[in-house]
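Residue numbers (this note's numbering): 1466 to 1666.
This report concerns only the one structure given below.
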């Protein structure tokens, strides 16, 4: 997926991949795309990371339900499995709840490159991370750098539920097929991913 002579634009802030987005199994940055297995750490390779987290407040702990890294080329192809109706509804939902350009500007002014602050509240519901039992993190990267663009952001379980309800039955089925194909996981974890529907959103 590498693109010749592609560099981070000067108006986009970047930092080394933060531990928040490390592979939870290896404790290191993700190295390969989930789908095509390309090397993500080549400096001109753009990719996304999604991680879903479940909190257990009574135990004061949390666990990763699922996580993956996917090069931008594969992510764009996977996004195409959504029906036009579903994509339009999701785009309208995001537009209704957040002014993305204003959010980027405000976060840069207030938080700089403190990634923990960018993902502290649900981007759509403004729910604090401490107030939601499940949430999902999204980040955009290029090589060994995290980019501060529309991402990083956090979506609360409530927001994910509302997004899921916007998807057509066909889109839900296509996402399920994608999960079955690429996530070699135990049934209970695979079901958790399907229930979240965060993949591809």
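Every residue, glycine too, gets a C-beta built ideally from N, C-alpha and C.
- In the three-state reduction of the DSSP assignment, residue 1520 falls in the strand class, which pools E and B.
- DSSP places residue 1493 in the strand class (E or B) of the three-state scheme.
- In the three-state reduction of the DSSP assignment, residue 1630 falls in the coil class, being assigned neither a helical nor a strand state.
- Closest by C-alpha distance to residue 1601, out of 1614, 1502, 1612, 1586, is 1586.
- In terms of CA proximity to residue 1596, 1621 leads the group 1609, 1621, 1616.
- Remark: fewer than three beta-carbon pairs, one from each stretch, lie closer than 8 Å, so the segment 1506-1525 and the segment 1555-1563 are not flagged as touching.
- Partner residues in the beta bridge of residue 1488, as assigned by DSSP, are 1493.
- Using a Cβ-Cβ distance cut-off of 8 Å, the segment 1545-1554 and the segment 1626-1646 are in contact, since at least three pairs of beta carbons, one from each stretch, lie closer than that value.
- Pairing residue 1566 with residue 1479 gives a Cβ-Cβ distance that is not under 8 Å.
- Contact between residue 1536 and residue 1505 holds, with the beta-carbon distance rounding to 6 Å and staying under 8 Å.
- The C-beta of residue 1542 has fewer than 16 other C-beta atoms within 10 Å across all chains shown, which makes the residue exposed.
- Beta-bridge pairing by DSSP links residue 1478 to 1613.
- Boundaries of the beta strand (DSSP E) around residue 1528: 1526-1536.
- When only Cα atoms are considered, residue 1598 and residue 1592 end up about 11 Å apart.
- By DSSP's assignment, residue 1643 forms no beta bridge with any residue.
- Restricting attention to 1629, 1617, 1511, 1494, the CA atom closest to the CA of residue 1580 is found in 1617.
- Distance between residue 1583 and residue 1642, taken at the CA atoms: about 32 Å.
- Residue pairing by DSSP places residue 1515 opposite 1533, 1603 in a beta bridge.
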